[in-house]
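Protein chains in written order, with our numbering: chain A, 5 to 302; chain B, 1115 to 1383.
Written as structure tokens, this is what we have:
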């Protein structure tokens, strides 16, 4: 009797399932399946199949790995990410903390520092080109300050580290705003009581920052790191505008293999590498940051 | 206390200068006479300002048609992205349903994944589907990129509007759809407009997919990349192009400033 009642109630609940949300969500999921999941599988598929016959082969990967630009492209992509991402996170954190301290004028400061989120990698590259090029603003400032008499050629193959530095500076200028917004929204989720409690117990500003704010901000820091690292491996227009192909990068090589050598299959091999690297990085960060948590608990 | 305030302000001024100075310089470059840009010693502020450099860029072959293409693609992107993902944003705000977290995760994955490199396999598919070198093809990819942003803004907009108002309208005899259109929609419009503007910028700025997926029907970024790489465009063309591309960004940040945090403020937990 009692069992029957429970069953009846369950049946009734099942019958009352509201299908509306599923119908509303369906277009998004279907669209993502066709234009996001399918091409992802297709990237792998193209990378491991022959351009003419479609038969399975590793020839595309061999062609990619045998190319003169491949090894430097991997190296420079990692190098650029390794320099740019920590700088973006550090500067983004400083800006977010400044805004969150709510000094008079903080909202104007927020909008100002957020401007670069509306600026493309291409435009950012062209802007910094006007600074770093031979007759550019950097040389103009140096000359006006009396530091040089002849222009210094910054963007040259002879100083590859300068080329990388120019890319990193441009990427930091452009993409710090995204990190800052992620971290700022994370900061605003932290209840004020935590800070009040910390100061009641006599913690100074720096100790509060280190022991209260940063640990609580960890999920946002994690998101910022993952998003920025993955995007750093797709860096394209900034590199192209500042250095052409002098500094090869993964996305750039995918572009050249597609447009210049007309091989969508080798280009897809590059896309596949970027996908695998991104997945590995995401998992790596999640692992790394979770282990920290365990260590702290232990 | 005052020392601390001094520190805060000087840090803010330095950072503001770091963000602003390159924007000022590209503006100077875009309105300097061509000769000033190539002479040495290089003058920072030209002896007179001129439209000559900007006009040279705008009148260069292909620029105006590609600007038109960019605008068309951006508008198509807004239409596609909203048709597809505004309902999802509404559902995520208004319903608690099984699988809600999975949907959230799928949408977040799109934001975090290297979606632009997917344009290479897509180009192959688009040739088969007859979408290659067509503006709607580019718009579809841009819509894929903007779906996570449109969904979160739309969702946050509807979370901010009390459902009780809709319910009140329904008790007064209007259907759920009527209640939505007459009561919720007018209040949601500013937020939805912000989402549309952001989508416009995202599409206007996107380089890689547009470059891969077009050949004759270039968008502006695709045209500039091509003229820099293949045609070796002169410096003053590049500077003017850079300024031209940045212009919308400045206006747009002002328009959507209230939603800046919603756009990026999603955290993986």
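Every residue, glycine too, gets a C-beta built ideally from N, C-alpha and C.
Determine the burial state of residue i: buried for a count of at least 16 other Cβ atoms within 10 Å of its Cβ, exposed for fewer.
| i | result |
| --- | --- |
| residue 130 (chain A) | buried |
| residue 1292 (chain B) | exposed |
| residue 1216 (chain B) | exposed |
| residue 68 (chain A) | buried |
| residue 1270 (chain B) | buried |
| residue 1342 (chain B) | buried |
| residue 1305 (chain B) | buried |
| residue 46 (chain A) | buried |
| residue 1131 (chain B) | exposed |
| residue 14 (chain A) | Its pLDDT being 49, under 50, residue 14 (chain A) is placed unreliably in this model, and the coordinates cannot settle the point. |
| residue 208 (chain A) | exposed |
| residue 1346 (chain B) | exposed |
| residue 1154 (chain B) | exposed |
| residue 301 (chain A) | At residue 301 (chain A) the pLDDT is 45, less than 50, meaning the model places this residue with poor confidence; the figure from the coordinates comes in the next sentence. Exposed, since its Cβ has fewer than 16 Cβ neighbours within 10 Å. |
| residue 291 (chain A) | exposed |
| residue 259 (chain A) | buried |
| residue 1203 (chain B) | buried |
| residue 265 (chain A) | exposed |
Cutting at 6 Å between CB atoms, please list the residues of its own chain near residue i, excluding the five before and the five after it.
| i | result |
| --- | --- |
| residue 303 (chain A) | In the structure as shown, chain A begins at 5 and stops at 302. Residue 303 (chain A) is therefore absent and cannot be evaluated. |
| residue 1246 (chain B) | 1240 |
| residue 1325 (chain B) | 1336 and 1339 |
| residue 61 (chain A) | 54 |
| residue 286 (chain A) | 230 |
| residue 1354 (chain B) | 1144, 1167, 1168 and 1171 |
Note down, in chain order, each residue of its chain lying with its Cβ closer than 7 Å to the Cβ of residue i, except the 5 sequence neighbours on either side.
| i | result |
| --- | --- |
| residue 1191 (chain B) | 1253, 1256, 1257, 1260, 1313 and 1317 |
| residue 1370 (chain B) | 1308, 1311 and 1312 |
| residue 1249 (chain B) | 1183, 1186, 1187, 1190 and 1331 |
| residue 85 (chain A) | 233, 236 and 237 |
| residue 1290 (chain B) | 1284 |
| residue 97 (chain A) | 187 |
| residue 1352 (chain B) | 1342 |
| residue 50 (chain A) | 268, 269 and 272 |
| residue 1212 (chain B) | none |
| residue 227 (chain A) | 186 |
| residue 1350 (chain B) | 1148, 1151, 1167 and 1170 |
Residue i touches chain B at which residues, Cβ-Cβ below 9 Å?
| i | result |
| --- | --- |
| residue 267 (chain A) | Ordered by position in chain B, no residue passes the 9 Å Cβ test against residue 267 (chain A), which lies about 10 Å from the chain. |
| residue 279 (chain A) | 1227, 1228, 1231 and 1232 |
List, in order along the chain, the chain A residues whose C-beta lies closer than 9 Å to that of residue i?
| i | result |
| --- | --- |
| residue 1319 (chain B) | 122, 123, 124, 125, 126 and 127 |
| residue 1305 (chain B) | Here the premise fails: no neighbours, minimum Cβ distance about 16 Å. |
| residue 1355 (chain B) | 126, 127 and 130 |
| residue 1253 (chain B) | Near residue 1253 (chain B) there are no residues of chain A at all, since even the closest Cβ is about 11 Å away, more than 9 Å. |
Look up residue i in the DSSP assignment and give the residues it is bridged to.
| i | result |
| --- | --- |
| residue 53 (chain A) | A:60 |
Ignore the nearest five residues each way along the sequence and tell me which others in residue i's own chain have a CB closer than 8 Å to its CB.
| i | result |
| --- | --- |
| residue 170 (chain A) | 132, 136, 158, 159, 246 and 247 |
| residue 1263 (chain B) | 1225, 1309, 1312, 1313, 1316 and 1377 |
| residue 172 (chain A) | 84, 87, 88 and 91 |
| residue 253 (chain A) | 77, 80, 81, 84, 239, 240 and 243 |
Who are the neighbours of residue i on chain B, taking C-beta pairs under 7 Å?
| i | result |
| --- | --- |
| residue 203 (chain A) | The premise fails here: residue 203 (chain A) is roughly 14 Å from chain B at the closest Cβ pair, so nothing lies under 7 Å. |
| residue 237 (chain A) | 1228 |
| residue 105 (chain A) | 1122 |
| residue 44 (chain A) | 1232 |
| residue 141 (chain A) | 1139 and 1158 |
| residue 149 (chain A) | Near residue 149 (chain A) there are no residues of chain B at all, since even the closest Cβ is about 11 Å away, more than 7 Å. |
| residue 282 (chain A) | 1227 and 1228 |
| residue 29 (chain A) | 1202, 1205 and 1217 |
Please compile the residues from chain A whose C-beta is within a distance smaller than 7 Å of the C-beta of residue i.
| i | result |
| --- | --- |
| residue 1199 (chain B) | 32 |
| residue 1220 (chain B) | 33 and 36 |
| residue 1143 (chain B) | 134 |
Can you name the residues of chain B whose CB is closer than 8 Å to the CB of residue i?
| i | result |
| --- | --- |
| residue 231 (chain A) | 1225 and 1226 |
| residue 22 (chain A) | 1209 and 1211 |
| residue 177 (chain A) | 1132, 1133 and 1136 |
| residue 271 (chain A) | 1234 |
| residue 40 (chain A) | 1224, 1227, 1229, 1232 and 1258 |
Which residues in chain D have a C-beta closer than 7 Å to the C-beta of residue i? List them in chain order.
| i | result |
| --- | --- |
| residue 241 (chain A) | No chain D is present in this structure, whose protein chains are A and B. |
List, in order along the chain, the chain A residues whose C-beta lies closer than 8 Å to that of residue i?
| i | result |
| --- | --- |
| residue 1364 (chain B) | 119 and 122 |
| residue 1367 (chain B) | 115, 118, 119, 121 and 122 |
Entirely enclosed beta strand (DSSP E) segments - the stretch 118 to 199 of chain A, minimum 3 residues:
None, since the stretch 118 to 199 of chain A contains no complete beta strand (DSSP E) of that length.
Pick out the complete beta strand (DSSP E) segments inside the stretch 1317 to 1347 of chain B, 3 residues or longer, and give them in chain order.
Annotation: the stretch 1317 to 1347 of chain B contains no complete segment of the beta strand (DSSP E) (minimum length 3 residues).
Can you check the stretch 1158 to 1225 of chain B for any alpha helix (DSSP H) of at least 4 residues that lies completely inside it and give the ranges in chain order?
1166 to 1173 and 1177 to 1208, all fully within the stretch 1158 to 1225 of chain B.
Beta strand (DSSP E) runs wholly inside the stretch 18 to 50 of chain A, at least 3 long, in chain order
With a minimum length of 3 residues, no continuous beta strand (DSSP E) run stays inside the stretch 18 to 50 of chain A.
Length-filtered (3 minimum) beta strand (DSSP E) runs lying within the stretch 239 to 302 of chain A:
You should have found no qualifying run.
Kindly provide the ranges of any alpha helix (DSSP H) runs that are 4 or more residues long and lie completely inside the stretch 1270 to 1317 of chain B, ordered along the chain.
Entirely contained in the stretch 1270 to 1317 of chain B, the alpha helix (DSSP H) runs reaching 4 residues are, in chain order, 1277 to 1285 and 1290 to 1293.
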